[in-house]
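Below: one structure, written as structure tokens.
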Amino acid sequence: MIGITAYGGYIPRLRLSRQAVGEANAWYAPQLRGRPGTRSLANWDEDSVTMAVAAARDCLGAAPDRQALRALLLASNTLPFAERLNAGIAAGALRLDDGIEALDLGGTPRAGLSALCQGLARARAGLGDTLVLAADQRHTRPASAQELEVGDGAAALVVGSGAVLAQWLGSGVVSVDFVDHFRATGETVDYHWEERWVREEGIARLVPQAVAQALAEAGVDAAAVDHFIFPTPFARLDGQIAQRCGVRAAALADNLADTVGDTGTPHALLMLAHTLERAQPGQLILLAQFGSGAQALVFRVTDHVRHARPARGVSGWLARGVEERQYTKFLAFKGTLALERGMRGEQDRKTALSTAWRHRQALLGLVGGRCRVTGQVQFPPGRLSLAPGQWLQDTQEPYPLADRGARIASWSAEYLSWHPAPPHHYGQIDFDGGGRLLMDFTDLEVGDVEVGTAMELVFRIKDRDDRRGFTRYFWKATPLRGPASAT
Amino acid sequence: MATGIKNKVVILGMGCSEFGERWDASPEDLMVEACAEALADAGIEAGQLDAAWFSTHMDDVGTGRGGTPMGIALRLPDIGVTRVENFCAGGSEAVRGAVYAVASGACDIAIALGVEKLKDTGYAGLPMATVGTYIPQWYPNAVAPANFAQLATAYAHRHRIEPALLKRALAHVSVKSHANGALNPKAHLRKPITEAQCLNAPIIAAPLGLFDCCGVSDGAAAVIVTTPDIARGLGKRDLVAFKALQVVTSNGWEMQGNDWDGSYLHTTRVAARRAYAEAGIERPREALSLTEVHDCFSITELVTLEDLGLSEPGQGVRDVLDGAFDADGRVPCQIDGGLKCFGHPIGASGIRMLYEIYLQLLGRAGQRQLAQPSLGLTHNLGGQPSQNVCSVSIVGLWDA
Numbered sequence: 001m002i003g004i005t006a007y008g009g010y011i012p013r014l015r016l017s018r019q020a021v022g023e024a025n026a027w028y029a030p031q032l033r034g035r036p037g038t039r040s041l042a043n044w045d046e047d048s049v050t051m052a053v054a055a056a057r058d059c060l061g062a063a064p065d066r067q068a069l070r071a072l073l074l075a076s077n078t079l080p081f082a083e084r085l086n087a088g089i090a091a092g093a094l095r096l097d098d099g100i101e102a103l104d105l106g107g108t109p110r111a112g113l114s115a116l117c118q119g120l121a122r123a124r125a126g127l128g129d130t131l132v133l134a135a136d137q138r139h140t141r142p143a144s145a146q147e148l149e150v151g152d153g154a155a156a157l158v159v160g161s162g163a164v165l166a167q168w169l170g171s172g173v174v175s176v177d178f179v180d181h182f183r184a185t186g187e188t189v190d191y192h193w194e195e196r197w198v199r200e201e202g203i204a205r206l207v208p209q210a211v212a213q214a215l216a217e218a219g220v221d222a223a224a225v226d227h228f229i230f231p232t233p234f235a236r237l238d239g240q241i242a243q244r245c246g247v248r249a250a251a252l253a254d255n256l257a258d259t260v261g262d263t264g265t266p267h268a269l270l271m272l273a274h275t276l277e278r279a280q281p282g283q284l285i286l287l288a289q290f291g292s293g294a295q296a297l298v299f300r301v302t303d304h305v306r307h308a309r310p311a312r313g314v315s316g317w318l319a320r321g322v323e324e325r326q327y328t329k330f331l332a333f334k335g336t337l338a339l340e341r342g343m344r345g346e347q348d349r350k351t352a353l354s355t356a357w358r359h360r361q362a363l364l365g366l367v368g369g370r371c372r373v374t375g376q377v378q379f380p381p382g383r384l385s386l387a388p389g390q391w392l393q394d395t396q397e398p399y400p401l402a403d404r405g406a407r408i409a410s411w412s413a414e415y416l417s418w419h420p421a422p423p424h425h426y427g428q429i430d431f432d433g434g435g436r437l438l439m440d441f442t443d444l445e446v447g448d449v450e451v452g453t454a455m456e457l458v459f460r461i462k463d464r465d466d467r468r469g470f471t472r473y474f475w476k477a478t479p480l481r482g483p484a485s486a487t
Numbered sequence: 488m489a490t491g492i493k494n495k496v497v498i499l500g501m502g503c504s505e506f507g508e509r510w511d512a513s514p515e516d517l518m519v520e521a522c523a524e525a526l527a528d529a530g531i532e533a534g535q536l537d538a539a540w541f542s543t544h545m546d547d548v549g550t551g552r553g554g555t556p557m558g559i560a561l562r563l564p565d566i567g568v569t570r571v572e573n574f575c576a577g578g579s580e581a582v583r584g585a586v587y588a589v590a591s592g593a594c595d596i597a598i599a600l601g602v603e604k605l606k607d608t609g610y611a612g613l614p615m616a617t618v619g620t621y622i623p624q625w626y627p628n629a630v631a632p633a634n635f636a637q638l639a640t641a642y643a644h645r646h647r648i649e650p651a652l653l654k655r656a657l658a659h660v661s662v663k664s665h666a667n668g669a670l671n672p673k674a675h676l677r678k679p680i681t682e683a684q685c686l687n688a689p690i691i692a693a694p695l696g697l698f699d700c701c702g703v704s705d706g707a708a709a710v711i712v713t714t715p716d717i718a719r720g721l722g723k724r725d726l727v728a729f730k731a732l733q734v735v736t737s738n739g740w741e742m743q744g745n746d747w748d749g750s751y752l753h754t755t756r757v758a759a760r761r762a763y764a765e766a767g768i769e770r771p772r773e774a775l776s777l778t779e780v781h782d783c784f785s786i787t788e789l790v791t792l793e794d795l796g797l798s799e800p801g802q803g804v805r806d807v808l809d810g811a812f813d814a815d816g817r818v819p820c821q822i823d824g825g826l827k828c829f830g831h832p833i834g835a836s837g838i839r840m841l842y843e844i845y846l847q848l849l850g851r852a853g854q855r856q857l858a859q860p861s862l863g864l865t866h867n868l869g870g871q872p873s874q875n876v877c878s879v880s881i882v883g884l885w886d887a
């Protein structure tokens, strides 16, 4: 049996108020006023790679063995690097085997589904389990409709054989050069064509073709579908497509438009992860996405769905959202508004690539050292253990820290240095089982932390070297929050 | 068995430039200002100097690397100039080099000089220093106020001190130093302040506000050292001798282990214990007449007073508020205004601390002169609480 063995998602904590955007732009674009709800907003230190890693951790928390993964496919149209394997960064952060096949995919929002299909094909060919990641953090022009419609997020699936929680039954694809929107290489914002033409000539014609193929291959009648997942930013279009495909209206999955917005490449997988949280064994899921044609897949939920749960899940991420009403913060985080940085913002953040390579395990995977003699854990790892009075050389073994519990030993929040989201919080973090790091904090407000606050670790952008266009990553601490403490 | 430095080396002369926003002066000018005073005080010519130690931290703000900036600025007589750097404890490190050189018998007269020209950087605080290629890839882009503010959050947690009470004690530390600095003609900040001003000041790094931070200044200070015999031979009567010179450098224990609770300075405790033993001091609270400690931030001073054994752990707040370290208190601290008001030209600070103790012991401190001091301590700290270099020096009237 081939299908999905684990799933997860990620939605950034910040949710930009559409009303706040409308009010800020009312002088210029009064038509944007009155839009309800929020859209998700990546923090300044998040991009498609970090969100993909967050989704993968949400997913792999439930997976039995990361080392069993043979491939990592990262689908996104907003990857930070045009040349440097973005999936390779994620593989390092997730401490996956160096022998893994890692690939970046993109070019269309349905690249997430393409990655899923590739993973399934690998499983069918006996090539092992694939981690499928999709993430987008799209740029839009201020006072545009897209600014309100899109959101930031990521999704993750493990596909393979064996104990699948959703069995793959069939797929359909239409690959044609139907251009509803485009973005030339080097550009940051999409150009869109007229909505009615896109709806009628594109989506309404191409999606049903792919769906029909998938249903036929699966041997499933459209009316039997229990969950129809079809992301679209156009209001009520998903219902119309369902009707055209012969799918019951009740099967329509929540497209998260009111809270998250359309996250682009990951959105179908994000909705799938959300659906799997409540899907019952035996139910049929139809998954479709539009873009340079269309793609569709059919799955049947199995009994394993009851046990294979993500660490936090889309519902968990949804519940921990915090409304953001600062429109200029949104613009600054997206790089649209260049705020004054002062002299401290002139710091050169050049990365020594040789050093980064030498310490890749520590930097990307947050792997410290544990002394076999004393049991002492330290970061960064080194040749000598931290054992005052003893010379213990080469006694350390790798000791991953990212998934361990942690607490604040000391902290501060300063307004002196330039920071994209002041005040700059950092402090000493003590890990359960040993180990201490002085590290940046993220995703928090003044008053959220004190000595003893329980923290968790997240993979984030450490610095951006604007002069050379390099992003470097490291781990940060954020207050451990359950859904109960949301907002 | 080491016998220590006690009474082996004395101060022949000292000098200190005016600290502050010295828009008028280059690093060379500041060095000349401090050295000229030291030479005049010592009653010798520059040609009589046998060796020199030079302390400066930011080589890219006008002082340059190596020993040549000092050799050239002071037209030294073809002697060896050793540049030392140990963060903000560099000045004390330079003194240690010069004193050890004299104590060893390798030279008769040595000079230690520290200088820093910070106001030409364009920064209101310390410029960000580069720390190699690895650390910036994981370590926060941390600034000094936040590193020391963590001492405050951990200290309050460790001793269960209400944040408002700690803020008041920290305010008292700064009010006291401003009151002292107002009487010092060479100090950078010479205006008294009130507790309310401190408490209401903008936050720089929680919980530290503007008045919890020391002045970032231009300045230079110099000390000329020799043996007691040579000093007497040069006609010196009242001699100030080194009783102890201790430097302790972190080995990573605080930052990498989990045992340190962040509420104190481990290196200060070790350095103080060794310095008291070297100087033969059993009860520092009774023995010491005054201290100049590294008050880069108000919390540093408060915690240091505990680490030096002048307050019990956790009692610094009470003692500070009781005025134990005020000018008229049990052991006056920063009678010259401290880093807080005299200012903090990094490489010069350790020597500036020594300068004040020297003036006080010789009764030359003017309006801020204490009644008959006999023994003083300087505490000079480089780095940050979790990873630092600490120097504790004790000087007193020569009595051997």
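Chains Z and Y supply the protein sequences, listed in that same order. For the first sequence, position 135 (counting from the first letter as 1) is numbered 135 according to the numbering used here, and the numbering increases by one without interruption. So the numbering used here is basically just the index in the second sequence, starting at one, shifted up by 487. Glycine residues also receive a C-beta, built at the ideal position from the N, C-alpha and C atoms. For clarity, every value in this text was computed on a predicted model and none was experimentally measured.
>> Could you check whether the Cβ of Trp-885 (chain Y) sits closer than 8 Å to any Cβ belonging to chain Z?
In response: no
>> Would Asp-430 (chain Z) pass as an interface residue toward chain Y - the criterion being a Cβ-Cβ separation below 8 Å?
In response: yes
>> Contact criterion: CB-CB distance below 8 Å. Does Ala-692 (chain Y) meet it with respect to chain Z?
In response: yes
>> Residues in the same chain with beta-carbon distance under 6 Å from Phe-290 (chain Z), minus the five sequence neighbours each way, listed in chain order, please.
In response: Ile-203 and Val-207
> Below 8 Å, can you find three or more Cβ-Cβ pairs linking the stretch 145 to 163 of chain Z to the stretch 26 to 46 of chain Z?
Replying inline: yes
> Which of helix, strand or coil does DSSP assign to Ser-485 (chain Z)?
Replying inline: Here the model assigns Ser-485 (chain Z) a pLDDT of 42, short of 50, so the residue's position is not dependable, and the following value carries that caveat. Helix.
>> Would you say Met-455 (chain Z) lies against chain Y (beta-carbon separation less than 8 Å)?
In response: no
>> Which same chain residues end up closer than 8 Å to Asp-258 (chain Z) when comparing Cβ atoms and leaving out the 5 residues on each side of it in sequence?
In response: Pro-36, Gly-37 and Thr-38
> Apart from the five residues on each side of it in sequence, which residues of its chain come closer than 6 Å, Cβ to Cβ, to Glu-147 (chain Z)?
Replying inline: Thr-140
> Should Leu-353 (chain Z) go down as buried or exposed, given a rule of 16 or more other Cβ atoms within 10 Å for buried?
Replying inline: exposed
>> Whole angstroms are fine: how far does the CA of Pro-142 (chain Z) sit from the CA of Arg-18 (chain Z)?
In response: 13 Å
>> Assuming Leu-789 (chain Y) and Val-807 (chain Y) are in contact, meaning their beta carbons sit under 8 Å apart, how far apart are those beta carbons, in whole angstroms?
In response: 6 Å
> Is the shortest distance between the beta-carbon of Gly-869 (chain Y) and the beta-carbons of chain Z less than 8 Å?
Replying inline: no
> Among residues of its own chain, excluding the 5 on either side of Ala-484 (chain Z), which ones have a beta-carbon nearer than 6 Å to its beta-carbon?
Replying inline: Since pLDDT at Ala-484 (chain Z) reaches only 41, below the 50 mark, its modelled position is unreliable, and no value is offered.
> Which one of Z:Gly-264, Z:Gly-239 and Z:Gly-261 has the shortest CA to CA distance from Ala-252 (chain Z)?
Replying inline: Contrary to the premise, residue 252 (chain Z) reads as Leu rather than Ala in this sequence. Nearest C-alpha to Leu-252 (chain Z): Z:Gly-239.
> Count the other CB atoms within 10 Å of the CB of Thr-487 (chain Z); is the residue buried (16 or more) or exposed (fewer)?
Replying inline: Note that Thr-487 (chain Z) scores a pLDDT of 36, beneath 50, so its modelled location is shaky; the value from the coordinates is reported in the next line. Per the 10 Å Cβ criterion, exposed.
> What does Thr-355 (chain Z) reach in chain Y if we use C-beta pairs closer than 9 Å?
Replying inline: Gly-619, Thr-620, Tyr-621 and Gln-624
> Identify the residues that DSSP records as bridge partners of His-425 (chain Z): which are they?
Replying inline: Z:Ala-413
> Are the beta-carbon atoms of Ser-171 (chain Z) and Gly-293 (chain Z) separated by less than 8 Å?
Replying inline: no
> By a C-beta neighbour count over all protein chains shown, 10 Å radius and 16 as the cutoff for buried, is Leu-868 (chain Y) buried or exposed?
Replying inline: buried
>> Under 8 Å, Cβ to Cβ, is there at least one residue of chain Y near Phe-470 (chain Z)?
In response: no
> What do you reckon, are the CB atoms on Gly-749 (chain Y) and Ser-410 (chain Z) nearer than 8 Å?
Replying inline: yes
> Cβ of Met-557 (chain Y) within 8 Å of Cβ of Met-518 (chain Y)?
Replying inline: yes
> Should the stretch 596 to 616 of chain Y be regarded as contacting the stretch 544 to 553 of chain Y, the criterion being three or more beta carbon pairs within less than 8 Å?
Replying inline: yes
> Which same chain residues, not among the five before or five after Ala-90 (chain Z), have their C-beta less than 7 Å away from its C-beta?
Replying inline: Val-49, Ala-52, Val-53, Ala-56, Leu-72, Leu-74 and Leu-133
> Taking a cut of 7 Å between CB atoms, which residues from the stretch 294 to 321 of chain Z lie near chain Y?
Replying inline: none
> Under the DSSP definition of a beta bridge, which residues are partnered with Ala-71 (chain Z)?
Replying inline: Z:Glu-101 and Z:Thr-130
>> Between Ser-861 (chain Y) and Ser-776 (chain Y), how many whole angstroms is the CB-CB distance? I'm expecting something under 8 Å.
In response: 5 Å
> Does any C-beta atom of chain Z lie closer than 8 Å to the C-beta of Ser-873 (chain Y)?
Replying inline: yes
>> So Ala-533 (chain Y) and Leu-561 (chain Y) are supposed to be a Cβ contact under 8 Å. How far apart are they, rounded?
In response: 6 Å
>> Using C-beta distances below 8 Å, list every residue in its chain close to Leu-514 (chain Z), excluding the 5 sequence neighbours before and after it, in chain order.
In response: Here chain Z comprises residues numbered 1 to 487, so residue 514 (chain Z) is not present and cannot be evaluated.
> Exposed or buried, which one is Pro-771 (chain Y) when buried takes at least 16 other CB atoms within 10 Å?
Replying inline: buried
> To which residues of the same chain is Ile-492 (chain Y) closer than 7 Å at the C-beta, ignoring the five residues directly before and after it?
Replying inline: Val-586, Ala-590, Phe-729, Ala-731, Leu-732 and Glu-765
> Using the rule of at least 16 other Cβ atoms within 10 Å of the residue's Cβ for burial, across every protein chain shown, is Gln-213 (chain Z) buried or exposed?
Replying inline: buried
>> Strictly under 8 Å for the Cβ-Cβ distance: is Gly-801 (chain Y) near chain Z by that measure?
In response: no
>> Going by DSSP, what residue range makes up the alpha helix (DSSP H) through Met-439 (chain Z)?
In response: Note, Met-439 (chain Z): premise wrong, no alpha helix (DSSP H); beta strand (DSSP E) at 436 to 440.
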